[in-house]
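Numbered by full-length UniProt numbering, the letters in the sequence shown go through residues 1 to 290 in order.
Heads up, the beta-carbon is just placed ideally off N, CA and C, and yes, glycines get one too.
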Amino acid sequence: MIQSMTGFGKNVIQLPSKKITVELKSLNSKNLDLNARIPSSYREKELELRNIIANSLVRGKIDFSLYVEITGESSNSQVNVNVVKEYIAQLRNVNPESFTEKDEIELLKMAVRMPDALKADRDEIDQEEYDEIKKALLEALKEINTFRSHEGGVLEKDFIVRVESILSLLKKVEEIDPERLAHVRERLEKAITDLKENVDENRFEQELIYYLEKFDITEEKVRLANHLDYFLQTIDSKDSNGKKLGFISQEIGREINTIGSKANYAPMQQLVVQMKDELEKIKEQMLNVL
């Protein structure tokens with residue numbers, strides 16, 4: 001079975017004071033290209049989260065996003081009481097004669113806006129909260145892998161259709177091959193006749209055999225059939241291996257090209273063009289296989 005590199009996964013968890021959303025998007029790439037967007041307070045866990053994603057998704061251009069929304073009463077900021085009191089005392093002394101009780105409230109409002117009136121404590125990541133985040137990530141990974149498998153199934157069906165089409169065209173090549181060789185022989189004999197020269201029949205036969213062997217495609221047909229069979233076996237294997245399928249596709253292309261260069265016969269060259277067209281469609285889709 002094969003997997004696509006295209007996928008999407010999302011999981012949302014609700015904690016007592018926070019709503020945390022994990023999102024994963026994946027596109028095709030030659031290697032693992034992971035882009036992570038997470039709040040600064042979780043940066044110390046980024047490497048571990050990246051490793052979890054890399055081990056699961058293996059390859060692709062991946063966007064990982066961790067969103068945190070405060071839904072309850074939670075704040076990292078605290079009033080710096082001593083500093084605020086000092087500010088109020090200094091403000092009160094600016095004009096102590098006219099100071100009233102009503103002014104006390106205004107002084108407090110002014111004091112809390114002054115520098116260092118509030119202090120922000122960096123919260124340590126709560127282990128239970130982090131465990132929940134990891135669970136959410138694993139659920140999102142499960143979802144994206146399901147998505148990838150579904151897309152891979154669609155690709156697999158298309159590959160099988162394309163490979164069977166090439167096999168069908170190869171059978172047609174085999175059917176017209178004797179006709180092609182007869183055509184090549186006829187052309188060579190006609191060329192000699194047009195020269196209006198007396199030739200040594202034995203030498204002519206030797207040269208004819210040489211050219212017929214040069215145009216022989218028996219090995220290419222056998223190798224092409226083997227490569228196509230190996231391609232189908234690899235698709236049906238337990239693991240998805242897009243790179244291996246890509247290498248096999250290159251070998252298939254080599255054999256098709258060699259048949260085309262040796263064909264020297266229009267009907268066979270037309271079949272070769274059709275095989276190349278099917279192979280190009282396979283290669284285009286192959287870029288998205290894990």
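message: For Lys85 and Leu91, what's the separation of their Cα atoms in angstroms?
response: Going from the Cα of Lys85 to the Cα of Leu91 covers about 10 Å.
message: Just to confirm the assignment: which complete alpha helix (DSSP H) runs, minimum length 4, are found wholly within the UniProt domain "Endoribonuclease YicC-like N-terminal" (2 to 156)?
response: Fully enclosed alpha helix (DSSP H) runs of 4 or longer: 46 to 57, 81 to 92, 101 to 111.
- prompt: Cα separation between Glu175 and Asp229?
  reply: Using only the alpha carbons, I get a separation of about 20 Å.
task: Pick out whichever of Arg180, Ile252, Lys221 has its Cα sitting closest to the Cα of Tyr211.
output: Per the C-alpha coordinates, the member of Arg180, Ile252, Lys221 positioned closest to Tyr211 is Arg180.
query: Given Ala225, which residues of its chain have a CB within under 6 Å of its CB, disregarding the five upstream and five downstream residues?
result: Here the set comprises nothing.
- request: Taking only the alpha-carbon atoms, compute the straight-line gap between His227 and Gly153 and give it to the nearest angstrom.
  value: Rounded to whole angstroms, His227 to Gly153 spans 21 Å at the Cα level.
Cα-Cα separation, Val81 to Ile105: In this structure, the alpha-carbon of Val81 lies about 15 Å from that of Ile105.
- prompt: Quick one, which of Leu290, His183, Glu251 has its alpha-carbon nearest Ala266's?
  reply: Closest in C-alpha terms to Ala266, from the list Leu290, His183, Glu251, comes His183.
message: Quick check on this structure: which residue in Val22, Glu151, Gln269, Val12 has the alpha carbon closest to the alpha carbon of Leu170?
response: Ranking Val22, Glu151, Gln269, Val12 by Cα distance to Leu170 puts Gln269 first.
task: Sort Leu137, Glu164, Lys157 by Cα distance to Ser4 and report the nearest one.
output: For the residues Leu137, Glu164, Lys157, the minimum Cα distance to Ser4 belongs to Lys157.
query: Rounded to whole angstroms, how far is the Cβ of Ile259 from the Cβ of Val272, which I believe are closer than 8 Å?
result: Val272 and Ile259 do touch by the CB rule: their CB atoms are close to 6 Å apart, below 8 Å.
message: Give me the DSSP bridge partner(s) of residue 316.
response: Residue 316 cannot be examined here, being either before or after the span of the chain that is shown, 1 to 290.
task: Please determine, among Ala36, Thr6, Ser17, the residue with the shortest C-alpha to C-alpha distance to Ile70.
output: Ranked by how close their Cα comes to the Cα of Ile70, the residues Ala36, Thr6, Ser17 have Ser17 in first place.
field: Whole-Å CB distance - Ile133 paired with Leu107, under 8 Å assumed
entry: About 43 Å; that fails the 8 Å criterion.
task: Ignore the nearest five residues each way along the sequence and tell me which others in Glu143's own chain have a CB closer than 6 Å to its CB.
output: Leaving aside the five residues that flank Glu143 on each side, the residues in its chain whose CB is nearer than 6 Å to its CB run, in chain order, Gly9.
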